[in-house]
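When the letters of the sequence shown are read in order and numbered with my numbering, they come out as residues 840 to 1303. Notes to accompany the following structure.
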Amino acid sequence: MNHFAPPMPLPVPVTRPNTVCVIGAGYVGLTAAACLAAVGHQVQCVESDPARLAEINSGQLPIVEPGLAELVAINRAAGRLGFTASVQEGVSQAQVALLCVGTPPRASGDPDLRQLATAARQLASAALRDLIVVIKSTVPPGTCEAMDVLCAEDARADIELRIVSNPEFLREGRAVEDFFFPDRIVIGAEDDATAHAVLELYPPGTRAVLCDRRSAELIKYAANTFLAVKISFANEIAALCQHLGADSDSVLAGVGSDARIGPAFLGAGPGFGGACLPKDVAGLIATADSLGLDARLAKAARAVNFDTRQRVITTVHAAVGSLAATRIGVLGLTFKPGTDDVRDSVAVAVVDALSGAGAFLSCHDPLAGPVALPGHRVSDPYQAAAGAVALLILTAWPDYARLDPYRLAETMNGNVVIDATSVLDVGAYHDAGLEVLAIGAGIPDSYHPVIVGPLHWALDAALA
Ligand code: UGA
């Protein structure tokens, strides 16, 4: 039976359908609920926010994810997926419950686990039979064991609650695809039987990493931190390219084509953002700090990320001189293309900084959700460029690569385009009379000071 709307490929249905309760209808919870129903499980999704629940019940989704709306509709209609505000109702028949609530960062860097603790305790008191409680939210190592202690007080004495770590690795914008076809499934459990019961939730054939709970929890922090390190490395090399008169796209492509390194997450840009990478880097640093360890690479990735964002701001400053009362067009607000999410978006932070320095901003994004902006938001990229002294591209939406540079040149009041994302065809813009300052692209110059060192060393050798 095809539970999936085309053009997504079809996952293999599970052999033993379960009754599953999913707590939380955010990116992770809603995706998990719809995808688990699609592979044959009976799923109840519990959402405590009445507005979000009403939206879902009216047939609208609170998030934009390719394929998700179709999956929710199909599986609801088939009776495999339901939504409720009540944990009691959601868990009444369940053998497994997935905790997919938010763990937002606190000012200290470590996550706020209150939503998780509340949901775990509600599950423990509502459970009518033995229950496997799976923590999918990203949490610091040790959280499963902390939940054991917390839930012990609430569960009935004749009920066994087994708490499992099963971190989620899906990317926003590709959540459904990543859920069905992940690189790996990580399960941290106290015993093999419990681990295999969780593994059976997923379509067969996926690579599984089965381990203890603390290790599973740490895998998630470590994976996101490694991605952050890789991006910050790319941005550090891009900064070097810019000063050196080299081209970061070519350099990073060359570096990434070594199979040991790989090209993924070596894309230079304005820096990493979103609800996960910055939070998880901070979480890993806080975990290390709590043990008296210094997570130096993670700290460096975070510092380089901040510098990368500042470099974009400095480039705008240098290009337009004073920002006071200067009109700047901004293209892109989401933290990456392919999502409507603006949480911890570098683009929004740059907009705030430029506005703070007195610039007048006109911003466009094809999909961004509601966001408080100091400038005004327009529905057309050419409108954002109208009258602008400089145009700044902050999110690599493919739509921006297709803009007509002649039309932009005509509507702008200056000729500088700052591309923090490497989406533009610099040559075409040059032909239209626009100067593109691509972050990471230096201008080769035979008199560049960088040749002084090698020349000196070469002459030394020749004279020796
Ligand atoms: C990230 C991880 O990729 C997922 O595996 C993980 O499940 C998720 O966090 C999570 O913890 O929930 P996501 O936040 O959706 O996923 O976004 P990414 O695609 O990882 O991008 C994060 C940031 O890095 C974005 O700002 C993006 O523009 C930036 N990035 C990414 C780069 O600057 N360069 C790259 O080459 C790749």
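Here a beta-carbon is modelled for each residue, glycine too, at the ideal position from N, C-alpha and C. The model shown is predicted, which means the values in this text are computed figures rather than measured ones.
Contact test: residue i Cβ vs the ligand UGA heavy atom, cutoff 7 Å
| i | result |
| --- | --- |
| Lys975 | no |
| Cys1115 | yes |
| Gly906 | no |
| Asp1146 | no |
| Gly1279 | no |
| Leu1066 | yes |
| Glu1056 | no |
| Glu1029 | no |
| Glu1007 | yes |
| Arg1010 | yes |
| Asp951 | no |
| Phe1018 | no |
| Asn914 | no |
| Ile1070 | yes |
| Leu1170 | no |
| Lys1175 | yes |
| Ala1121 | no |
| Leu1105 | yes |
| Asn1063 | yes |
| Gly1197 | no |
| Ala1142 | no |
| Ala1305 | With the chain running from 840 to 1303 in the structure shown, residue 1305 is simply not present. |
| Ala1139 | no |
| Gly1208 | no |
Contact set for residue i: own chain, Cβ-Cβ below 8 Å, skip 5 residues either direction
| i | result |
| --- | --- |
| Ala844 | Note that Ala844 scores a pLDDT of 48, beneath 50, so its modelled location is shaky and nothing firm can be said. |
| Arg855 | Glu1039 |
| Ile998 | Ala966, Leu967, Arg968, Asp969 and Leu970 |
| Ala1223 | Gly1168, Val1169, Leu1170, Ser1201, Cys1202, His1203, Val1217 and Leu1230 |
| Ala871 | Val861, Leu937, Cys939, Lys975, Glu1007 and Phe1018 |
| Asn1254 | Ala1248, Gly1272, Leu1273 and Glu1274 |
Contacting residues, own chain, Cβ-Cβ under 7 Å from residue i (five flanking each side not counted)
| i | result |
| --- | --- |
| Val1181 | Leu1172, Thr1173, Phe1174, Val1187, Ala1207, Gly1208 and Val1210 |
| Arg1010 | Asp1017 |
| Gly948 | Ala1121, Gly1122, Ile1124 and Ala1125 |
| Ser1194 | Leu1200, Pro1213 and Gly1214 |
| Phe1072 | none |
| Ala963 | Cys990, Asp993, Ala994 and Leu1000 |
| Gly1044 | Val851 |
| Gln961 | Val926 |
Span of the alpha helix (DSSP H), counted from its first residue to its last, around residue i
| i | result |
| --- | --- |
| Glu909 | Leu907 to Ala916 |
| Ser1161 | Taken as a continuous stretch (DSSP letters only), Ser1161 belongs to no alpha helix (DSSP H), as it is neither H nor E. |
| Thr1126 | Leu1116 to Ser1129 |
| His1295 | Val1291 to Leu1302 |
Contact belief for residue i with residue j at Cβ below 8 Å, rounded distance in angstroms
| i | j | result |
| --- | --- | --- |
| Ile1167 | Leu1231 | 6 Å |
| Val1228 | Val1256 | The Cβ separation is near 11 Å, so there is no contact. |
| Glu1056 | Pro980 | 4 Å |
| Leu1132 | Ala1107 | Rounded, the Cβ-Cβ distance is 30 Å, inconsistent with contact. |
| Ser1190 | Ile1152 | One detail in the question is off: residue 1190 reads as Val in this sequence, not Ser. Val1190 to Ile1152, Cβ: 10 Å. No contact. |
Paired residues, beta bridge with residue i - DSSP
| i | result |
| --- | --- |
| Ala1280 | Asp1086 |
| Glu1056 | According to DSSP, which records beta bridges pairwise, Glu1056 is partnered with nothing at all. |
| Val1003 | Val973 |
| Glu1274 | Val1255 |
| Gly1304 | The structure shown has nothing for residue 1304, since the chain only spans 840 to 1303. |
| Gln883 | Cys860 and Gly921 |
| Leu1263 | Paired residue(s): none; Leu1263 is not in a bridge. |
| Leu1049 | Ile1026 |
Residues near residue i in its chain [Cβ-Cβ closer than 6 Å; skip 5 each side]
| i | result |
| --- | --- |
| Gly1177 | Gly1012 |
| His880 | Pro856, Asn857 and Val859 |
| Val853 | Val878 and Gly879 |
| Gln954 | Val940 and Gly941 |
| Ala1034 | Ile1026, Ala1028 and Leu1049 |
| Gln903 | Before going on, a small fix: residue 903 reads as Val here, not Gln. If we look at Val903 and ignore the five residues flanking it on each side, its Cβ neighbours are Asp1179. |
| Arg1141 | Val1120 |
| Gly863 | Cys939 and Val940 |
| Ala1248 | Ala1271, Gly1272 and Leu1273 |
| Pro1117 | Asp1183 |
| Thr1234 | Gly1171, Thr1173, Pro1176 and Ala1186 |
| Arg915 | none |
| Ala1196 | Leu1162 |
Residue i, enclosing beta strand (DSSP E) - first and last residue
| i | result |
| --- | --- |
| Thr977 | Unbroken run through Thr977: none, as it is neither H nor E. |
| Leu1231 | Ala1229 to Ile1232 |
| Val859 | Thr858 to Ile862 |
| Ser1201 | Phe1199 to His1203 |
| Pro1193 | Contrary to the premise, residue 1193 reads as Leu rather than Pro in this sequence. Here Leu1193 belongs to no beta strand (DSSP E); instead the alpha helix (DSSP H) covers Val1185 to Gly1195. |
| Gly1027 | Ile1024 to Gly1027 |
| Gly923 | Strictly speaking, residue 923 in this sequence is Thr, with Gly absent from that position. Counting along the chain, the beta strand (DSSP E) containing Thr923 begins and ends at Leu920 to Thr923. |
| Arg1216 | His1215 to Val1217 |
| Val935 | Val935 to Leu938 |
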